[in-house]
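Everything on this sheet refers to the single structure shown next.
There are 2 protein chains.
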Amino acid sequence: MARISEIEDALSSGGGRRGRRAGGGAEARRAKRGGGTTPKNRYIQRQIPPYEILSEENLTLIEENAETVLQEIGIEFRDDPEALAMWREAGADVDGERVRFPRGLCRKLCETIPSSFTQHARNPERSVEIGGNNTVFAPVYGPPFVRDIEGGRRYATIEDFRNFVKLAYMAPALHHSGGTVCEPVDIPVNKRHFDMVYAHLRYSDLPFMGSVTAPERAEDSVAMAKLVFGEDFVESNTVMINLINANSPMTFDATMLGALKVYARHNQACIVTPFILSGAMAPVTPVGVMTQTLAEALAGLAFSQLVRPGAPMVLGSFASSISMQSGAPTFGTPEPALVLYGMAALARRLGVPFRSGGSLCGSKLPDAQAAHESTQTLIPTLLGGVNFVLHAAGWLEGGLVSSYEKFVIDADQLGMMQTFAGGYDLSENGQAMDALREVGPGSHFLGCAHTQANFETAFYRSSIADNNSFEQWEAEGARDAFTRANALYKKTLADYQAPALDPAIDEALRAFIKERKDSMPDAFA
Amino acid sequence: MARISEIEDALSSGGGRRGRRAGGGAEARRAKRGGGTTPKNRYIQRQIPPYEILSEENLTLIEENAETVLQEIGIEFRDDPEALAMWREAGADVDGERVRFPRGLCRKLCETIPSSFTQHARNPERSVEIGGNNTVFAPVYGPPFVRDIEGGRRYATIEDFRNFVKLAYMAPALHHSGGTVCEPVDIPVNKRHFDMVYAHLRYSDLPFMGSVTAPERAEDSVAMAKLVFGEDFVESNTVMINLINANSPMTFDATMLGALKVYARHNQACIVTPFILSGAMAPVTPVGVMTQTLAEALAGLAFSQLVRPGAPMVLGSFASSISMQSGAPTFGTPEPALVLYGMAALARRLGVPFRSGGSLCGSKLPDAQAAHESTQTLIPTLLGGVNFVLHAAGWLEGGLVSSYEKFVIDADQLGMMQTFAGGYDLSENGQAMDALREVGPGSHFLGCAHTQANFETAFYRSSIADNNSFEQWEAEGARDAFTRANALYKKTLADYQAPALDPAIDEALRAFIKERKDSMPDAFA
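Sequence order for the protein chains is C and A.
Per my numbering, the very first residue in the first sequence carries number 1; after that it's consecutive.
Per my numbering, the very first residue in the second sequence carries number 1001; after that it's consecutive.
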């Protein structure tokens, strides 16, 4: 442990701009140690304040309404007698599967949740801090389809899965390998979690997410992590973060509760997320969505602390609006952004890390619609102060598709967010008074000493944008961003080199997977 | 006057969400009076606070640095002996054309600038309030080229100019007709201002901008405005806003000073904008850009108050970064956003209205690059609290091109900003506790009374986004946003109906133009 935290302190690169500039030192150290990893932003330490829209009075009103929901309406904990017994023991009113909570009980129980925690990566230089002023970007989670220009839209395979793990590993602005970067439907449903967790461990050295689709798959994820990190380390540290969705409205089911219990007991982190399409699983108004989200999250988070006080948890919020024409979820519209800003403030008041946002869109292609919607989600994500950002890259078509091209386009935008979060350089050099004095009226700054000294790192350098002249752009084929991204993702995969993994650990992982897979027949539903 | 302000008070629709919902009443009134105008958001009255990043201490530091620039380095006022004499009279140190200012002089002179003013439109329902919590969106300004899918990139004509005036008139979220929506290069350079101002007056009833390319063209613009609004009205009210760029660094030229003097003397508004490509016309650091922008703007704004104390003025900031590869300006990157937020705060402290931002991009096509860059500019524009937003729709390729398709795509995004700026509905209905009580755990909200009552206006409805199923989208031709926007702009132009204009006024305008055009030979440079 001492070794890991020493390295982490030494490398704590942090805040975008400064981090990016100071990157040479960290990179140099990595290269010296022969780590073989790519230059990487560790995570974002925001140097900018969160954007607060709601007054304290209004936030209190929403909190009181959420307590009323918990007290009067309650939350159902389905098919889990153990959970009901725990709630009865904790002082809640249990009526069948409906649990009603004395005002303030859930909030009180949440006090043992750490306000910030470290998720360790197998490469300690890649560990992330979740909470506080930090923002961690993770890839898209869950799509059954993938898309790229040549292949079009098709079912995802484990090969695609590995490719997205590699793309996240290669992207400087992605800090996390994520979980189900796409659903590998070519592998039996009861066995694919082995291949997914293995891919994160083998093809990346970033922190990752475990399986939540059944309690025993959560146990398998923990067992595999122990083969890599060591049994003692896993039990006393957090090496996985896991996505637990509420069955909104106001319901948790046995599958999610089961996975939550497994992870909490092993001290692994969970994100408790009410998943809401506004108007379907919650009221149509942003304040109504926030009230219900807070109530559901409070109940789930409080339950985790009954399982293991102090277990690291994240308050999640996923809220989309829906199309009045088609009923489909819509993204990048004003209403979800309002929900995000409000929920971020409520999570800060509760003192727990917050997950929301990403690069969400409803578009079928990485076109202007996708870009608008993604940015209209991503900027609130950063300015709201989200701590853990799932779906930060690759999400297309309302989460049905993992897009290769959009992945690299989004990753470029994440880099910009990292720089923006670095805020202003107010040093003497940043103030640039020498430059102003040197140049004076009517001249230009291109050649002055200050420009020469700062030019190389002065501006974020996009990997996607074409800023050449019109004539040059035309001569190069008049390609749009989508087409350029196709070339970039292929080049990135071609350049990929796997991080080192101890062969003994690799062998142990493979042996474990073979044994477990052989122990059960294939299942496809 | 009484009539105009009464109507304005009665119609003061304001704040996005509430304004949008209350729109029926205003529309009904318009229809009753037979105004023949399209449903329109008047302007945005922001219900959300500005996003403040810099501390008071840091803002003061930048203000002090700007005073140092004004005092030590000074600003050149070129080829305008009258301006130099006015500065000498005001107590500045004039050395050749270099003017140095005692600390605090410019800021003191700016005290007579109104913190907010009304720009009257010929249709009083379309007048806008510039300053305070208000945001006014105006189209792209200045491109010599236009582009659409069929025609590609080509030089703009007066026909294109009229089309963009019509598109702005038809777009609910554009509040202003703008100025040089494209440069009609088919008309002699010394005569095109007549056709441009006429197009704004004839094909729209929105507020508009006058010519600034020569003092006599500014006088022509004022004369034409007087034919429409009446001589007395123009001299005592503001009916035009005009774009005065500084020749950064630290220089004003005679052309711009001449136009500024004309407009200020007639009580017409000017936007004094240092136009900065960071690293070329200013230092490479955001704080350096802000320091210089503030110094230049202070000098220009203060000068306007020497011409006519109380003349309405706007502090402008246009700052892009540049590409290290090509030297071209780049947009939507983090550094210009930082400059925008900072300049907005500095303008608020000075107490003058602020212009910046828009839907800027460097992309050659309305693709993902254009959309990312535009949104990365537009969101800071709204959250920063910009009062007057030039280039809010149609800007492409670094301002070289007015794009038909991007115009309607941007206009859709502007509508989203209007809704977002409405903030949260915290009424009983907004809190939706009845809905939560009615539905309860495990059910859905689609059919509940609250959803039924609110569904129609609950979510912003995009005119561009496709939210249909994948199958339906494919059956309809798998069109991207660019292609859909092509159809939308054509439909909009086909649906266009001109607002009424008194035939006697129209005749007077035409006669004036003919007389003035006949009085001079064509010039082409």
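All C-beta atoms, glycine included, are put in the ideal place defined by N, C-alpha and C.
How about residue i: is its C-beta nearer than 8 Å to some C-beta of chain C?
i	result
residue 1061 (chain A)	yes
residue 1383 (chain A)	yes
residue 1287 (chain A)	yes
residue 1249 (chain A)	yes
residue 1190 (chain A)	no
residue 1058 (chain A)	yes
residue 1364 (chain A)	yes
residue 1014 (chain A)	Any reading at residue 1014 (chain A) is ruled out, since the residue's pLDDT is 32, under 50, leaving its predicted position unreliable.
residue 1170 (chain A)	no
residue 1330 (chain A)	yes
Which whole-angstrom value is the C-beta distance of residue i and residue j, which I expect to be below 8 Å?
i	j	result
residue 1326 (chain A)	residue 1413 (chain A)	Wrong, their Cβ atoms sit about 27 Å apart, outside the cutoff.
residue 1408 (chain A)	residue 1492 (chain A)	7 Å
residue 1252 (chain A)	residue 1077 (chain A)	5 Å
residue 1377 (chain A)	residue 1318 (chain A)	About 11 Å separates the two Cβ atoms, so there is no contact after all.
residue 1293 (chain A)	residue 1069 (chain A)	Actually they do not touch by this definition, with Cβ atoms about 10 Å apart.
residue 1302 (chain A)	residue 1249 (chain A)	The pair is not a contact, with the Cβ atoms about 18 Å apart (cut-off 8 Å).
What does residue i pair with, by DSSP beta-bridge criteria?
i	result
residue 145 (chain C)	C:155 and C:401
residue 1119 (chain A)	A:1128 and A:1238
residue 1329 (chain A)	A:1322
residue 340 (chain C)	Per DSSP, none; premise fails for residue 340 (chain C).
residue 1271 (chain A)	A:1243 and A:1314
residue 76 (chain C)	C:98 and C:251
residue 1396 (chain A)	A:1401
residue 278 (chain C)	C:282
residue 1044 (chain A)	A:1135
residue 93 (chain C)	C:100
Run down chain A in chain order and give the residues with a C-beta less than 8 Å from the C-beta of residue i.
i	result
residue 460 (chain C)	1321, 1333, 1334 and 1335
residue 53 (chain C)	1048, 1049, 1423 and 1424
residue 98 (chain C)	1441
Tell me, please, whether the CB atom of residue i is closer than 8 Å to any CB atom in chain A?
i	result
residue 8 (chain C)	Reliability fails at residue 8 (chain C), whose pLDDT of 33 lies under 50, so the model's placement of it is uncertain and no value is given.
residue 193 (chain C)	no
residue 340 (chain C)	no
residue 150 (chain C)	no
residue 416 (chain C)	yes
residue 118 (chain C)	no
residue 419 (chain C)	yes
For a contact meaning CB atoms closer than 7 Å, what does residue i contact in chain A?
i	result
residue 367 (chain C)	1367, 1368, 1480, 1481 and 1482
residue 326 (chain C)	1467, 1468 and 1469
For residue i, which residues in chain C fall below 8 Å Cβ to Cβ?
i	result
residue 1409 (chain A)	368 and 372
residue 1379 (chain A)	375, 376 and 379
residue 1397 (chain A)	470
residue 1255 (chain A)	Those within 8 Å of residue 1255 (chain A) in chain C number zero; the least Cβ separation is about 15 Å.
So which residues of chain C does residue i contact, with C-beta pairs closer than 7 Å?
i	result
residue 1318 (chain A)	None at all; the shortest Cβ gap to chain C is about 16 Å.
residue 1454 (chain A)	284 and 285
residue 1413 (chain A)	372
List, in chain order, every chain C residue whose beta-carbon is nearer than 9 Å to that of residue i.
i	result
residue 1450 (chain A)	283, 284, 285 and 288
Is any heavy atom in the ligand PLP found nearer than 7 Å to the beta carbon of residue i?
i	result
residue 441 (chain C)	Ligands are entirely absent from the displayed structure, and the ligand PLP is therefore not among its contents.
(message) Short of 9 Å Cβ to Cβ, which residues in the region 1063-1094 of chain A face chain C?
(response) 1065, 1068, 1069, 1072, 1073, 1074, 1075, 1076 and 1078
(message) Output needed in chain order: residues of the region 1430-1447 of chain A with a Cβ under 8 Å from some Cβ in chain C.
(response) 1430, 1431, 1432, 1433, 1435, 1436, 1437, 1439, 1440, 1441, 1442, 1443, 1444, 1445 and 1446
(request) Closer than 9 Å, Cβ to Cβ, to anything on chain A: give me those residues from the region 463-477 of chain C, in chain order. (result) 464, 465, 466, 467, 468, 469, 470, 472, 473 and 474
(request) Note down, in chain order, all residues in the region 273-306 of chain C with a beta-carbon under 9 Å from any beta-carbon belonging to chain A. (result) 278, 279, 280, 281, 282, 283, 284, 285, 286, 287, 288, 289, 290, 291, 292 and 295
(request) Name, going along the chain, the residues of the region 1482-1501 of chain A whose beta-carbon falls closer than 7 Å to a beta-carbon of chain C. (result) 1482
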